[in-house]
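Asker: Those letters in the sequence shown? Residues 1 to 73, by the UniProt record's numbering.
Positions of the beta carbon are idealized from the N, C-alpha and C atoms, including for glycine.
For clarity, every value in this text was computed on a predicted model and none was experimentally measured.
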Amino acid sequence: MTAFERRLEVIKFMMFHNEPVLRSEIMDLIHLSQTGTLAVLKELRDCGFIKYSGVSGYSSYVITDKVKEIFKF
Numbered sequence: 001m002t003a004f005e006r007r008l009e010v011i012k013f014m015m016f017h018n019e020p021v022l023r024s025e026i027m028d029l030i031h032l033s034q035t036g037t038l039a040v041l042k043e044l045r046d047c048g049f050i051k052y053s054g055v056s057g058y059s060s061y062v063i064t065d066k067v068k069e070i071f072k073f
C-alpha cells in the first residue's frame, strides 16, 4: 500500500466517522498522488464526499453536505 493509499484510507475513515479533516490533509493527499488531482477528486467523489456539478456550461466538483458538516463550512 502506498503512502497515498494509506492517507486516503485514513481520510475516508475520518469522514465516515464524522471526524474533522483539515483542508491541508486533502491537499497533502493530492500532493502524494502519483496520478494527479483528478484521480484524488474521483476517489473522493466515489466515496460520496464531493459531487460533479455542471452548471451553465461550466463543470466543476462541489463538496457534498456531508463534507460541509465535517469541515464546518
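Looking at the structure shown, is Leu22 part of a helix, part of a strand, or coil, going by DSSP?
Answerer: On the sequence shown, residue 22 is found 22 positions in, with the first residue counted as 1. Residue state, collapsed to three classes: coil.
Asker: Quick one: grab the DSSP three-state call for Phe49.
Answerer: Within the sequence shown, the letter at position 49 stands for residue 49. Of the three classes helix, strand and coil, the one that applies to Phe49 here is coil, per DSSP.
Asker: Near Cys47, which residues of its chain fall below 6 Å by C-beta distance, leaving aside the five closest residues on each side in sequence?
Answerer: As a first step, residue 47 must be located in the sequence shown, where it is residue number 47. Counting only Cβ-Cβ distances below 6 Å, and skipping sequence neighbours, we find Lys12.
Asker: Grab the span of the alpha helix (DSSP H) containing Met14 for me, first residue to last.
Answerer: Position 14 of the sequence shown, counting from 1, holds the residue named residue 14. Met14 -> alpha helix (DSSP H) spans Ala3 to Phe16.
Asker: Buried or exposed: Glu9, going by 16 or more other Cβ atoms within 10 Å of its Cβ?
Answerer: Position 9 of the sequence shown, counted from the start, is the residue given in the question as residue 9. Result: exposed.
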